[in-house]
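Please read the structure below before turning to the comments.
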Amino acid sequence: MALKIVKGSIDRMFDKNLQDLVRGIRNHKEDEAKYISTCIDEIKQELKQDNIAVKANAVCKLTYLQMLGYDVSWAAFNIVEVMSSSKFTYKRIGYLAASQCFHEGTDVIMLTTNQIRKDLSSPHQYDTGVALTGLSCFVTPDLARDLANDIMTLMSHTKPYIRKKAVLIMYKVFLKYPESLRPAFPRLKEKLEDPDPGVQSAAVNVICELARRNPKNYLSLAPLFFKLMTSSTNNWVLIKIIKLFGALTPLEPRLGKKLIEPLTNLIHSTSAMSLLYECVNTVIAVLISLSSGMPNHSASIQLCVQKLRILIEDSDQNLKYLGLLAMSKILKTHPKSVQSHKDLILQCLDDKDESFRLRALDLLYGMVSKKNLMEIVKKLMLHVDKAEGTTYRDELLTKIIDICSQSNYQYITNFEWYISILVELTRLEGTRHGHLIASQMLDVAIRVKAIRGFAVAQMATLLDNAHLLTGNTQRNGICEVLYAAAWICGEFSEHLEDPMQTLEAMLRPKVATLPGHIQAVYVQNAAKLFATVLRKHEGETDSQAAQETSQLLIDRLPLFVQSANLEVQERLVKYIQKLQQKNVEVAEEVTALFAGELNPVAPKAQKKVPIPEGLDLDAWINEPPSESESEDEKPKAVFTKEEHKHSRSRHTEVDEKELARRREVRKQEQANNPFYIKASPSSQKVYDAPGVEHIPVVQIDLSVPLKVPGMPTSDQYLKLEEERQQKEKAERKKKEKKKKREKRGKERKADSGPESEEDIRPAHQVDIVTEEMPENALPSDDDDKDPNDPHKALDIDLDKPLADSEKLPVRTHRPEVLKSPAEDRVNESIPQETKKRSGKEKKEKKKGKEKDRKVRWQFCMNNDCIHTSLHLIVVSVIFENKSDSFLKSMEFNVLDSLNSKLQRPEGAGPHDSLTVPFQLPPGVSNEARFVFSVQSIVMPQKLKGTLTFIVKSDESSTHEKLDFKLHFTCTSYLITTPCYSDAYAKLLESGDLKGSSLRLEGISMPFHHLLARICFHHHFSVVERIDSCASMYSRSIQGHHVCLLVKTTVSIDAKCDEPSLLGNVLDEIKQTFSKC
Amino acid sequence: MIKFLLMVNKQGQTRLSRYYEQVELGKRASLEADVVRGCLARRKEECSFVEFKDYKLVYRQYAALFIVVGITENENELSIYELVHNFVEVLDKYFSRVSELDIMFSLDKVHIILDEMILNGHIVETNKTRILAPLLALDKMAES
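Read top to bottom, the protein sequences are chains S and B. Sequential numbering of the first sequence, starting at 1, is according to the UniProt record's numbering. Sequential numbering of the second sequence, starting at 1, is according to the UniProt record's numbering.
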């Protein structure tokens, strides 16, 4: 032995330690992987040695390698070994390694339960500490359940060092084993007032974390926290408490009102920025939860905004970041108070840190008003120009569009300005958002009627300069705008000054390089333009120009034939050619192709069209066709039919009479047309419903000149707008003066600024399409929780009193035991025959009445077992009536011993018997169960008992009594538990077990029968069988390990951590074999 | 709540990692790489808080070594920022002028210090003497 130790320490001298490993890795930069793999081989060798110091060293190195990303899960068992070392220096290495690489799936964790429990209850605080720390990393639901009570006990440990750790670990336990929350909560609450600030802070931490997920369950703690907040001077704790209040106030507005004052006091007094920030944040949360705009809180908001301004202006970037973050929260509810700090936010756009710029952009989005929109956008446009990096520039672009288009262009007063902004944006290089710009152009041109003339002019210029946009293939994102430009020019071609030129621009050969969908729009709109040109010229009876135009079309259109949108183009070309060759006036007809106004349709408008009475959409209109008919012909038919018959010119200046007549005809037509879904008065803007007049088209405010020659820059509008506002202001002032003179005594409005937003009149207005939700739409559930959120399970009412069943399980076995309870026949010592009774003619045999007793182990959930190591045992007794008489009123009683007691119902005395809940007709058997509590399991027990019953025969009934003995063997406390051979070896090596041996004489049965017998009668499992011997393992219900080594010479070497239990088990084994 | 704490050098090599919520080994490597990339790319004048996936990163640079802490939304960034400095001060006190090598050679001891300060993702101790007490006791044990 001594030699071994010496050898071990010599070995160690040659082993690498962690430092050598680190150095080695640094010296092998080129072949690091190879070096590490040799190191791992060495470590594997070291782990095979018996010396725990060598093992610990190896595990320490593994921890380092694991950090570098190497999988060390193969050493899990060795880690457990090192964890189990009695020396703290090694133990902590084991725990560290475990905390780094164990997870819920690590199977050896189940071997650690007892070790951890032992460490938790160690007298050395650092043992306990290291176990707690480790546990926090690898606790599993099983561990949490098994150890919850131990950790809960530690929460009241004498040393604050342990208490604070235990409190924090409890949070992990709650997550893994939610049932523990209610029983542990009272103690956790107690810890909020622990004399040690560390423990207090830990408890606050845990409750904050719990309350964050399920705040409503913690409202009742608010007064306690309020007290803590006003009394505590620990900033770390204060931050947490204030954070907690932030989570609670939305649920209880009264709390919010109460909080404002102490929070503002803190804001004024504290010098700690972190605390200040937290207070501001919570004040914001409180103000959001209170009905916003309460006048008496404007002071608090002002205070917050001021403090945030200080943060943002600070040279410390971190404070600046937080200031912006909080500012954006205020913005949501109190945009006005933030708007006054526009200068500050705009400054942030120049910041070097991109995240600040993005945050500032977000803020600007919420800050714009009619008054400042142009100015802000101008500033942003400047940034677009100098922005580096396309991501940020794209971000800017989308933000500009978002800002302008938000809430239905609410803040845009001049759409010419907006169109020119959009046009300017198209010059942006390499943007991906061409589509976005295009859709904005379309949207504005369609919805703002007054702007169409201007928009068309701009788009025509754009089309003319299309080569600028498409020149670079990398820019093809932006060519999307040509889609919009072409469509706008075609659709609103009556506004074009020189349609011929635009037509020419649209038919340039270069167009063929554009994406297919844009080409299609080009072709379609070229035809529209063609119609306009024709109409214009035919009126003048100048066929020359018309001829030229059609010749241009005929020349250029074949260009498109080769492209993807073949069908549309071909049809178009043929149609026009045909008409043209006849040399008749076709303007009317070509125009008719594109007659009709396109109106903006509300999203979901189609859904809103009510189904007319008597229309069954599911019914067949015609019988289903027997053969496949070309379906796509139908819409075509409708198209030509409708449009041809009612060829209307697009001249809007048709007189009222004509309009009325047409409407009448159309209604008639619609009534007869089965494909037409009738509009009801509620439907909005469905094509052609009650005419287009009801769409509000607002007169243009002509205080701004509409025509700006050439390609305008948006800046012009800014100036114009300023002038306009100035003018209006002056006018208003005049009026005001007048008013003032009239009503001098009248109260003045407490206005935030010299002019309120409403005073700025927009130059144009938008056709507002109100989005309505369909009736059956459900309000979106905004707080849907992730079903996988582990915190969901912790949504537990904590104020309900504890029920007995909720007490934490103590000293329990693994759940497998419950599923397949180990059953055991207890040796019976029951009188085999009852005495013959005198005076009775019949021998009543109740022989073998009680046949079997089954002992079951059960979880101990009982209230009074919590702190003792009591175990409940269920004995099931089979009663069999072997007589010919009817047995009833059976009562079962056992004389309790100190160690084992029959569990009687509440209120019953210690000697009362239990009624057997059934009667027995002759020849029938039934089973009843009785619960015993057992304190010590190391000794076998014999309990004396009696069974009284009434024998009822035809004539008479007699009272009878049967004595019996219940024998609880030690074997019956063992549970068959499988054990791995390595765990087994470790167990034997640990030296905790005491040995004993036994020789069985005169056994002649085969070895495997012998083993089977031990397994069956004594609940062992075979760990390993090697030739002439076999190792076996079993575990008692109290966690004692029992190991046997059985040899073919029929000797048994046994080891167990409880010698008396072992002795008794061996005696019982001996007895089993002496019987055969 | 603190999700993880990393110590990474400028070359992107992990010198210490501690996860307070289980992350698979394979994912750790990519997470660490992402985090390092996110922080190393930042200039000195940029702020120390980075929004990263669903957490926030708070980082501080000490010479060639970065300390990066991943926290949840509800954690106070400034307090974590201070905690990092506190941690470094404790290391400095124990190792007397701590260097990257100290951390590599005594990884287990750094872990002890860290475990005294952060437990289960929460700050548990900030007092330097109390943080170092277990470690000093251990050293005494090793000497004797």
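The C-beta atom is built at its ideal place from N, Cα and C for all residues, glycine as well. The model shown is predicted, which means the values in this text are computed figures rather than measured ones.
Report all residues from its chain with a CB closer than 7 Å to the CB of residue i; omit the five preceding and five following residues, and keep chain order.
| i | result |
| --- | --- |
| residue 434 (chain S) | 477, 478, 479, 480 and 481 |
| residue 166 (chain S) | 132, 151, 154, 155 and 157 |
| residue 117 (chain S) | 147 and 150 |
| residue 64 (chain B) | 9, 10 and 100 |
| residue 115 (chain S) | 83 and 84 |
Report buried or exposed for residue i, applying the criterion of at least 16 other Cβ atoms within 10 angstroms of its Cβ.
| i | result |
| --- | --- |
| residue 1049 (chain S) | exposed |
| residue 645 (chain S) | Confidence at residue 645 (chain S) is low in this model, with a pLDDT of 40, below 50, so its placement is unreliable and the value that follows should be read with caution. With fewer than 16 other Cβ atoms within 10 Å, it is exposed. |
| residue 939 (chain S) | exposed |
| residue 1094 (chain S) | Residue numbering for chain S in the displayed model covers 1 to 1076; residue 1094 (chain S) lies beyond these limits and cannot be assessed. |
| residue 129 (chain B) | exposed |
| residue 908 (chain S) | exposed |
| residue 5 (chain B) | buried |
| residue 76 (chain B) | buried |
| residue 843 (chain S) | Residue confidence is low: residue 843 (chain S) scores 38 on pLDDT, short of 50, so the model does not pin down where it sits. No coordinate-derived value is stated. |
| residue 414 (chain S) | buried |
Kindly identify the DSSP beta-bridge partner or partners of residue i.
| i | result |
| --- | --- |
| residue 1030 (chain S) | S:1025 and S:1046 |
| residue 949 (chain S) | S:960 |
| residue 60 (chain B) | B:67 |
| residue 1056 (chain S) | S:994 and S:1042 |
| residue 968 (chain S) | S:941 |
| residue 934 (chain S) | S:871 and S:900 |
| residue 123 (chain B) | B:118 |
| residue 52 (chain B) | B:55 |
| residue 891 (chain S) | S:915 and S:948 |
| residue 927 (chain S) | S:878 |
| residue 23 (chain S) | None, per the DSSP bridge assignment. |
| residue 1036 (chain S) | S:974 |
| residue 1011 (chain S) | Note: residue 1011 (chain S) sits in no beta bridge, so no partner. |
For the putative contact between residue i and residue j, defined by C-beta atoms under 8 Å, what is the C-beta separation to the nearest angstrom?
| i | j | result |
| --- | --- | --- |
| residue 1047 (chain S) | residue 1028 (chain S) | 6 Å |
| residue 1020 (chain S) | residue 1005 (chain S) | Not really, about 16 Å apart at Cβ, beyond 8 Å. |
| residue 135 (chain B) | residue 103 (chain B) | No, residue 135 (chain B) and residue 103 (chain B) are not in contact; Cβ-Cβ is about 14 Å, not under 8 Å. |
| residue 872 (chain S) | residue 953 (chain S) | About 39 Å; that fails the 8 Å criterion. |
| residue 122 (chain S) | residue 128 (chain S) | 6 Å |
| residue 39 (chain B) | residue 320 (chain S) | 18 Å between Cβ atoms; not a contact. |
| residue 203 (chain S) | residue 192 (chain S) | 5 Å |
| residue 46 (chain S) | residue 986 (chain S) | In fact, because the Cβ distance is near 16 Å, the residues do not count as touching under 8 Å. |
Looking only at its chain, what residues have a beta carbon closer than 8 Å to the beta carbon of residue i, apart from the 5 residues adjacent to it on each side?
| i | result |
| --- | --- |
| residue 999 (chain S) | 1050, 1051 and 1052 |
| residue 365 (chain S) | 399, 402, 403 and 406 |
| residue 904 (chain S) | 910, 912 and 914 |
| residue 881 (chain S) | 846, 849, 887, 920, 921, 922, 923, 924 and 925 |
| residue 505 (chain S) | 460, 463, 464 and 466 |
| residue 641 (chain S) | Caution is warranted here: a pLDDT of 40 is assigned to residue 641 (chain S), below 50, making its placement in the model unreliable, and no coordinate value can be reported. |
| residue 52 (chain B) | 34, 35, 38 and 70 |
Residue i versus chain A: which residues are under 9 Å apart at the beta carbon?
| i | result |
| --- | --- |
| residue 353 (chain S) | No chain A appears in the structure shown, which is made up of the protein chains S and B. |
Using C-beta distances below 6 Å, list every residue in its chain close to residue i, excluding the 5 sequence neighbours before and after it, in chain order.
| i | result |
| --- | --- |
| residue 232 (chain S) | 238 |
| residue 1072 (chain S) | 1017 |
| residue 442 (chain S) | 484 |
| residue 746 (chain S) | Note that residue 746 (chain S) has pLDDT 45, beneath the 50 cutoff, so the model's placement of it is unreliable and no number is given. |
Which residues, in order along the segment 87-120 of chain B, keep a beta-carbon less than 9 Å from a beta-carbon of chain S? 101, 104, 105, 106, 107, 108, 111, 112, 115, 116, 119 and 120
Going along the chain, which residues of the segment 1021-1046 of chain S sit with their C-beta nearer than 9 Å to a C-beta in chain B? none
Name, going along the chain, the residues of the segment 161-184 of chain S whose beta-carbon falls closer than 7 Å to a beta-carbon of chain B. 164, 165, 168, 169, 171 and 172
Contacting positions in the segment 58-70 of chain S - beta carbon closer than 9 Å to chain B: 60, 63, 64, 66, 67, 68, 69 and 70
Contacting positions in the segment 953-974 of chain S - beta carbon closer than 7 Å to chain B: none
Identify each residue in the segment 902-928 of chain S for which the Cβ-Cβ distance to at least one residue of chain B is less than 7 Å, and report them in chain order. none
The segment 185-203 of chain S: positions lying closer than 7 Å to chain B by Cβ: So the list reads 198 and 202, given in the order they occur along the chain.
Using a Cβ-Cβ cut-off of less than 8 Å, give me the residues of the segment 56-83 of chain B that come near chain S, in sequence order. Hits within the stretch, in order: 74, 76, 77, 78, 79, 81 and 82.
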